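These notes are about the structure you will find just below.
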Amino acid sequence: MYTDYEIKNGTLTVRGIDRIDIERSCACGQSFRWKKDGDGFVAPALGRVVRVCQNDCDISIYPCKKGEEKDWLAYFDLDRDYAAIEKRLSVDEQLSMCIGSASGIRVFAQEPFETLITFIISANNNIGRIAGIVERLCALCGEKAEFDGKEYYLFPKPESIAALEESELVRIGSGYRAPYIKKSAAIIAGGYQLEKLRDMPLDIARKELLKFPGVGPKVADCVLLFGLGHTDAFPVDVWIGRAMSEIYFDGESPKKKQLEAAIRALGSESGIVQQYIFHYARQTALGKKRQGKTKTQ
67 MYTDYEIKNG TLTVRGIDRI DIERSCACGQ SFRWKKDGDG FVAPALGRVV RVCQNDCDIS
127 IYPCKKGEEK DWLAYFDLDR DYAAIEKRLS VDEQLSMCIG SASGIRVFAQ EPFETLITFI
187 ISANNNIGRI AGIVERLCAL CGEKAEFDGK EYYLFPKPES IAALEESELV RIGSGYRAPY
247 IKKSAAIIAG GYQLEKLRDM PLDIARKELL KFPGVGPKVA DCVLLFGLGH TDAFPVDVWI
307 GRAMSEIYFD GESPKKKQLE AAIRALGSES GIVQQYIFHY ARQTALGKKR QGKTKTQ
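In this text, residue positions in the sequence shown follow my numbering: the first is 67, and each later residue adds one.
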């Protein structure tokens, strides 16, 4: 939620935002293109290159033309009452510990195709390496754009990725994911509309995404949460598995039905809660001592 906004000299300023931390939001693993640049963060997003800066409870986004403000209000999820979400978490003894290290994270509303491809790349990978592969993919076949005297590359069109040779995708570091990236892009280039999943029930939309090469349950839920507005999608990876085990099951590995019940109990915004848990788990290495050091994903 916010107080008001205005566009002046090509800059959108949104004031009085309750619960926002741009740095945490850009670095929490939901998007791989935002980079620290001076006093803000810059990324190619929604088909253009923009800079976002924060000053206390206000953010500024440049450039922004009149009529584009709704895109950015939606992208940064500024109409959602995160204070209410944190209030609910604060009365949960297990989850209240997550607020301090994760308060201000906003779940971005990203472009669905970009989310699909980047999270296929994310499988069995770490954030730094994912970001590098994504940047090399964009440089390989994305449209060039200039911003503040620097060159950037927009995320490629489905047709551009589908036209690549698998060997080209391997060379940028995608490894065994290369055929999955190419084939999934080809499905979208062939006319499949990811947007139709936005209004489907979660279980049905997840089943649709699981038909894509390289998409398992975790990747499907990431696409649904970060690209298609399903706030009840709850991606489970190594960090979340550890965290849920520690928070709800005293360090023991829960059965599938037990874990599903715990997730359902979090309600219709469980995916947003997941980001709090995920960030807290990464910041505190939650569960590592008990379970030992393992490769993160």
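From the three backbone atoms N, C-alpha and C, an ideal C-beta is built for every residue, glycine too.
Source: prediction; values computed, not measured.
Check	Outcome
Quick one: Cα of E201 to Cα of F221, how far?	9 Å
Please determine if the region 273-293 and the region 311-324 are in contact, where contact requires at least 3 C-beta pairs separated by less than 8 Å.	no
In or out: Y242 buried (at least 16 other Cβ within 10 Å) or exposed?	exposed
Where does the unbroken beta strand (DSSP E) through Q340 begin, and where does it stop?	From DSSP, Q340 is part of no beta strand (DSSP E) but of the alpha helix (DSSP H) over 336-350.
Would you say R272 and I171 are within 8 Å of each other, going by their C-beta atoms?	no
Pick helix, strand or coil for G241, following the three-state DSSP scheme.	helix
Give the C-beta separation of H296 and L268 to the nearest angstrom, bearing in mind that I take them to be a contact with Cβ-Cβ under 8 Å.	5 Å
Look up G358 in the DSSP assignment and say whether it is helix, strand or coil.	Residue placement at G358 is poorly supported in this model, since its pLDDT is 48, which falls under 50; the coordinates are not used for a value here.
Are three or more beta carbon pairs between the region 146-154 and the region 118-136 nearer than 8 Å?	no
Considering only residues of the same chain and omitting the five flanking positions on each side of F292, which have a CB-CB separation below 6 Å?	Q96, Q176, T181
What are the start and end residues of the alpha helix (DSSP H) that includes S91?	88-93
If you follow the beta strand (DSSP E) that I127 is part of, which residue opens it and which one closes it?	124-128
Please classify R308 as buried or exposed, where buried requires at least 16 other C-beta atoms within 10 Å of its C-beta.	buried
Please confirm if K101 has its CB atom under 8 Å from at least one CB of chain B.	Checking the listed chains, one finds no chain B in this structure; it contains a single protein chain.
Give me the Cα-Cα distance between C92 and R99, rounded to the nearest whole angstrom.	8 Å
For the region 110-159, list the beta strand (DSSP E) runs that are entirely contained and at least 3 residues long, ordered along the chain.	114-121, 124-128
Under 8 Å by Cβ, that's how I've got Y219 and P110 pegged, so tell me the actual separation to the nearest angstrom.	7 Å
Compute the distance between the beta-carbons of Y141 and F174, then report whether it is under 8 Å.	yes
Give the DSSP-derived three-state secondary structure of S162 in the structure shown.	helix
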